[in-house]
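Protein chains in written order, with our numbering: chain Z, 206 to 328; chain X, 151 to 388.
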């Protein structure tokens, strides 16, 4: 019998959406690395081992969806702030309806499973 | 622009662990990953002084981070550097020889050692064509793998080949070679330059088949020979 492994399923789900979650966090203002990771951790389901987000951030930089800028900090070392580029903003805008549709479709199926379907009960 | 912050030993070890696990990444990606993680550690430590253990624990398993970076690199269509003569193959071939060498202390297994000499030769050839080590490192390793053995054999012969002396020499020889292999493993570093196509699977299978067939033939031959030998001995006894 198949058993769902919660950890594995969540990590598979996370993999596809994490980059858009990162882009979303940058929508309002630039943020630096540890700040971004703390915000992700605070969401709960998106919490992941933080180090694995850096390869993703590196890719977003390479694809020019984000840019970075060093800023001096009043305390401690200078911080690298990530901000959205116009391309990043476009990618995020394109993802929003895709996600809405996807989430609706999954919701519909999962919810249909929960309440008994009258069509199937009649012989 | 960046000041290099003082970095505790545990943080340095953590970064080295990530780098080692990520050694198949292209060099610029590897450097990028190191810089990102080092920056994270420096900033996090400035925010929460004295909580290095927690910071490293939150960063997560070095191997998981390296695996994610490798996946990202593979998905973006970059060739992941593998290179001919992967360290794992080289060490495995030498390890087969070493196992045979140690086993040969048991009676009736001289043939096993002879068979595993083939594995040793294959190991040398693979090490030769490998791009994971510099020429100087290869020469050093080959010297340590071969010369102490020759010298100790000489000592053994000079002492008249008595059993305790012989065992001591063989053990010392094996320890030196194993130490050389450990050194070689730690010195490995992913080849730089353009990536190249991995060796096809069937070529790999064919290459591995040669030493395996040799070992099997050697063992088989030894068993046959010993049977014949004991048969002759019993026949000659009246």
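Here a beta-carbon is modelled for each residue, glycine too, at the ideal position from N, C-alpha and C.
Contact set between residue i and chain X, taken where Cβ atoms lie within less than 8 Å
| i | result |
| --- | --- |
| residue 261 of chain Z | 218, 222 |
| residue 279 of chain Z | Within 8 Å Cβ-Cβ: nothing; residue 279 of chain Z doesn't reach chain X, min ~11 Å. |
7 Å Cβ shell around residue i - same chain, five flanking residues per side excluded
| i | result |
| --- | --- |
| residue 271 of chain Z | 231, 265, 287, 288, 289, 290, 293 |
| residue 315 of chain X | 306, 309 |
| residue 326 of chain Z | Low per-residue confidence applies at residue 326 of chain Z: pLDDT is 47, beneath 50, and the placement is therefore not dependable, though the value from the model is reported in the following sentence. Within the same chain, residue 326 of chain Z has no close Cβ partners at all. |
| residue 300 of chain X | none |
| residue 214 of chain Z | none |
| residue 235 of chain Z | 286, 287, 288 |
Chain-ordered chain Z contacts of residue i [CB-CB under 7 Å]
| i | result |
| --- | --- |
| residue 181 of chain X | The contacting residues do not exist; residue 181 of chain X stays about 11 Å from chain Z at best. |
| residue 211 of chain X | 254 |
Any C-beta of chain Z under 8 Å from that of residue i
| i | result |
| --- | --- |
| residue 193 of chain X | yes |
| residue 187 of chain X | yes |
| residue 215 of chain X | yes |
| residue 248 of chain X | no |
| residue 190 of chain X | yes |
| residue 196 of chain X | yes |
| residue 159 of chain X | no |
Under 9 Å from the C-beta of residue i: neighbouring residues of chain Z
| i | result |
| --- | --- |
| residue 226 of chain X | 264, 267, 268 |
| residue 201 of chain X | What residue 201 of chain X touches in chain Z: nothing, since even the nearest Cβ is about 12 Å away. |
Residue i burial status per 10 Å Cβ neighbour count (16 or more: buried)
| i | result |
| --- | --- |
| residue 282 of chain X | buried |
| residue 317 of chain X | exposed |
| residue 153 of chain X | Confidence in residue 153 of chain X is poor, its pLDDT being 48 and thus under 50, which makes the residue's placement too unreliable to answer from. |
| residue 411 of chain X | Absent from the model: residue 411 of chain X. The displayed extent of chain X is 151 to 388, so no value can be given. |
| residue 280 of chain X | buried |
| residue 344 of chain X | Here residue 344 of chain X scores only 45 on pLDDT, less than 50, and its place in the model should not be relied on; the value that follows carries that caveat. Under this definition residue 344 of chain X is an exposed residue. |
| residue 241 of chain X | buried |
| residue 336 of chain X | exposed |
| residue 223 of chain X | buried |
| residue 307 of chain Z | exposed |
| residue 226 of chain X | exposed |
| residue 323 of chain X | buried |
| residue 248 of chain Z | exposed |
| residue 317 of chain Z | exposed |
| residue 370 of chain X | exposed |
| residue 398 of chain X | Beyond the ends of chain X as shown, which are 151 and 388, falls residue 398 of chain X; an answer cannot be given. |
| residue 205 of chain X | buried |
| residue 310 of chain Z | exposed |
| residue 149 of chain X | Outside the shown range of chain X (151 to 388) lies residue 149 of chain X, about which nothing can therefore be said. |
| residue 227 of chain Z | buried |
Close-in-space but distant-in-sequence residues of the same chain around residue i (CB under 8 Å, 5 per side omitted)
| i | result |
| --- | --- |
| residue 168 of chain X | 183, 184, 187, 212, 215, 216 |
| residue 171 of chain X | 212, 213, 215, 216, 217 |
| residue 283 of chain Z | 275, 276, 277 |
| residue 238 of chain Z | 259, 262, 284, 285, 287 |
| residue 173 of chain X | 180, 338, 339, 340 |
| residue 247 of chain X | 266, 267, 269, 270, 273 |
| residue 209 of chain X | 164, 187, 190, 191, 215 |
| residue 328 of chain X | 248 |
| residue 294 of chain X | 326, 327, 329, 330, 333 |
Neighbour flag for residue i against chain X, beta carbons, 8 Å
| i | result |
| --- | --- |
| residue 257 of chain Z | yes |
| residue 294 of chain Z | no |
| residue 282 of chain Z | yes |
Spatial neighbours of residue i in its chain, beta-carbon cut-off 6 Å, leaving aside the 5 residues before and after
| i | result |
| --- | --- |
| residue 354 of chain X | none |
| residue 245 of chain Z | 251 |
| residue 225 of chain Z | 300 |
| residue 255 of chain Z | 242 |
| residue 291 of chain X | 330, 334 |
Contact set between residue i and chain Z, taken where Cβ atoms lie within less than 8 Å
| i | result |
| --- | --- |
| residue 171 of chain X | Here the premise fails: no neighbours, minimum Cβ distance about 11 Å. |
Residues within the segment 214-239 of chain Z neighbouring chain X, beta-carbon criterion of under 8 Å: Taking 8 Å as the upper bound on Cβ-Cβ separation, chain X lies near residues 237, 238, 239 of the segment 214-239 of chain Z.
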